[in-house]
Amino acid sequence: MVFPIPDNDTIARLYPNSLRLKLVQTVSRHGERSPVYPGGVPMKKCHLTPFLHAVYYAMEMRNLSPPPLYNQPHHESLPSLSNIVFEGNIKPNSSLSLKALQAVTDDGTCFNGQLTDKGKNTMETMGACLRKLYIDKLKFLNPTLDSHNKDIYLRSTDIARTLESLQYLVNGLYPAHQRDTGGSKDMDLRVHVRSDETLYPVRECKYLDALSKMLRKDLLQQGNGDIDKAFARHANFDSGFPKKGDLEFNHLNSLYDNFICLQAHGEPLPAGVTNQDVLELEQMVVKYWWGVFKNAELARMAIGRFVKDLKDRMEDSIANPETSVKLAVYSAHDSTVGPLTNAFGVFDGRFPPFASMVAFELFEDLGKHSSTNPAVSQPHEKDKEHYVRMLYEGKPTHVPACQHQGNHHPDDTTLCTWKAFKDAMDRAIPDNWDKMCSSHAESSGS
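Start counting the sequence shown at 1232; every next residue gets the next number (the working numbering).
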């Protein structure tokens, strides 16, 4: 799904002259992919494979000096849009388990969870939409990416489909004719090691894992056998996961994953499976997977550290407008988008689709502090009024914490005051994530 571009009247309403856009942060799920679970339906929609081999090469060969020559297949080329910068203490093969990529064939066969050709096209289109809005219409970003352009920050998880999605998004944002060689090579794509990753809930946190399992178990016990009924309806489909025990939810999720991947690529569903079946599976997955994130404590532990990343960048933009970035792009997963929308109370009750996107826009109020009298000193940047708008799928949201009088712009309830939104972020950030994780690990003997 690619977000809609507002028309000129909507642009004038959402971006009035009295407000100056200072920072945009986008958080998107990767594009369409093949089923991620083993035993799913095979797909032959991955003919384009240049970046995957390049990532494998970067990971496997980075510790060799000098690195060996890379004999890439004739139909491939190394990525030209940005350098991959791994942040943290990386051990050989600790991330990006991509050895199988050496054996990729030309027939279009997809690996589990691989970005497909359609997914690449979708992400490139998303980048083009960002360009149309923030460059063509709003004149917010430089139209050309040159060697001195440091306005953009790129970050991805260490999964091939998110790295690739970000590459294609940037290619849509700055097509080849809108960037020079230096500008392309100077862009760093940042990847955190998994132990430091904040873009999705990490399993290494024992407290987070135990809390989510407890809450999900409670939900499953309230299910009145609906999961068993779903299993019975689709008994002939092997998702690769056991249907009973601790992994029964994974089987439910894998059923939905296989079917939605087929739908996303215009492929027919298995015999006997209807669109209504897929919708009912989605509702169950949303209930048992995303339902646990209604718990404020779990939401803080799952996505709160990334909320702090977002907050820190906003604060830097307010305090250091001359040196801060203008656009931060994060390439992530449904397990990022779902908890993030839940944390701010704007989850729409649907499973986050491929290429779904959350955006945060930071504005400075020009009218409130402007003065034609040169004797009147202007306030420091941090003392000026600022507003934040949160969008989902390109549409402004009404964050509940901002709906009270005085917590939003007088003319637009989708514009949160900086204080109200900052308070909402603070409530979503855990006080001491590391301590809570380790204390539970110690008490459980692990």
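Heads up, the beta-carbon is just placed ideally off N, CA and C, and yes, glycines get one too.
- Just so you know, the alpha carbons of ARG1464 and PHE1490 end up roughly 14 angstroms apart.
- Straight through space, the alpha carbons of PRO1235 and GLU1624 are spaced by roughly 8 angstroms.
- At a Cβ-Cβ threshold of 8 angstroms, PHE1371 and LYS1626 do not count as neighbours.
- CA-to-CA, the gap between MET1588 and ALA1502 works out to about 33 angstroms.
- Taking C-beta separations shorter than 7 angstroms and ignoring five residues to either side along the sequence, the partners of GLU1428 in its chain run THR1388, following chain order.
- For THR1257, the beta-bridge partners assigned by DSSP are VAL1560 and ALA1590.
- Contact between LEU1446 and MET1532 fails: their C-beta atoms lie close to 11 angstroms from each other, not under 8 angstroms.
- Look at the stretch 1381–1427 and you find these whole runs of beta strand (DSSP E), each 3 residues long or longer: 1383–1387 and 1419–1423.
- The continuous beta strand (DSSP E) containing ASP1643 extends over residues 1643–1648.
- Look at the beta carbons and you see the stretch 1341–1361 not touching the stretch 1519–1533: under three pairs across the two are nearer than 8 angstroms.
- Look at PRO1627 here: in three-state DSSP terms it is strand.
- Excluding residues up to 5 positions away in sequence, LEU1372, ASN1373, VAL1556, LYS1557 and LEU1558 lie with their Cβ nearer than 8 angstroms to the Cβ of ASP1382 in the same chain.
- Looking only at SER1566, THR1554, GLY1535 and GLU1395, the smallest Cα-Cα distance to ASP1654 is reached by GLY1535.
- Apart from sequence neighbours up to five positions away, the residues of its chain that approach LYS1275 with a beta-carbon distance below 8 angstroms are ASP1338, GLY1339, THR1340 and CYS1341, ordered along the chain.
- Put simply, the backbone Cα of LYS1444 is about 15 angstroms away from that of ASN1484.
- Taking a contact as a CB-CB distance under 8 angstroms, the pair VAL1568 and ARG1260 counts as one, their CB atoms being some 5 angstroms apart.
- Spatial neighbours of VAL1560 in its own chain (CB-CB distance under 6 angstroms, excluding positions within 5 residues in sequence) are listed in chain order as THR1257 and LEU1385.
- Excluding residues up to 5 positions away in sequence, GLY1576 lie with their Cβ nearer than 6 angstroms to the Cβ of PRO1631 in the same chain.
- Between GLN1409 and LEU1376, the C-beta gap is smaller than 8 angstroms, which places the two residues in contact.
- For GLN1494, the CB contacts under 8 angstroms within the same chain, skipping 5 residues up- and downstream, are LEU1500, ASN1506 and VAL1509 in chain order.
- In terms of Cβ geometry, ARG1251 and PHE1591 do not form a close pair [threshold 8 angstroms].
- In the DSSP annotation of this structure, GLY1637 is not part of any alpha helix (DSSP H), being labelled neither H nor E.
- In the structure shown, HIS1465 adopts coil according to DSSP, grouped into three states.
- Shown here for CYS1360: same chain residues with a beta carbon closer than 7 angstroms to its own, the five before and five after excluded, namely VAL1233, PHE1234 and ILE1236 in chain order.
- The C-alpha of GLN1452 is placed about 46 angstroms away from the C-alpha of HIS1617.
- LYS1542 is not a Cβ neighbour of ASN1573, given a cutoff of 8 angstroms.
- Straight through space, the alpha carbons of LYS1448 and ALA1563 are spaced by roughly 26 angstroms.
- ASP1240 is classed as exposed because its beta carbon has fewer than 16 other beta carbons within 10 Å across all chains shown.
- Non-local beta-carbon contacts of THR1628 in its own chain, meaning distances under 6 angstroms to residues more than five positions away in sequence, involve VAL1577 and MET1621 in chain order.
- For TYR1438, the uninterrupted alpha helix (DSSP H) run begins and ends at 1437–1452, by DSSP.
- For GLY1403, the closest C-alpha among the options TYR1365, VAL1255 and ARG1244 is that of TYR1365.
- Excluding residues up to 5 positions away in sequence, ARG1260, ASP1565, VAL1568 and GLY1569 lie with their Cβ nearer than 6 angstroms to the Cβ of PRO1583 in the same chain.
- The beta carbon of GLU1513 sits closer than 8 angstroms to those of TYR1487, ILE1491, ARG1581 and PHE1582, all from its chain and outside the five residues before and after it, given in chain order.
- The Cβ atoms of LEU1450 and LEU1529 lie no closer than 8 angstroms to each other.
- The closest CA to that of PRO1661, considering only ARG1264, ASP1579 and LYS1539, is found on LYS1539.
- Taking 4 residues as the minimum length, the alpha helix (DSSP H) runs contained wholly in the stretch 1485–1557 are 1506–1520 and 1527–1550, in order along the chain.
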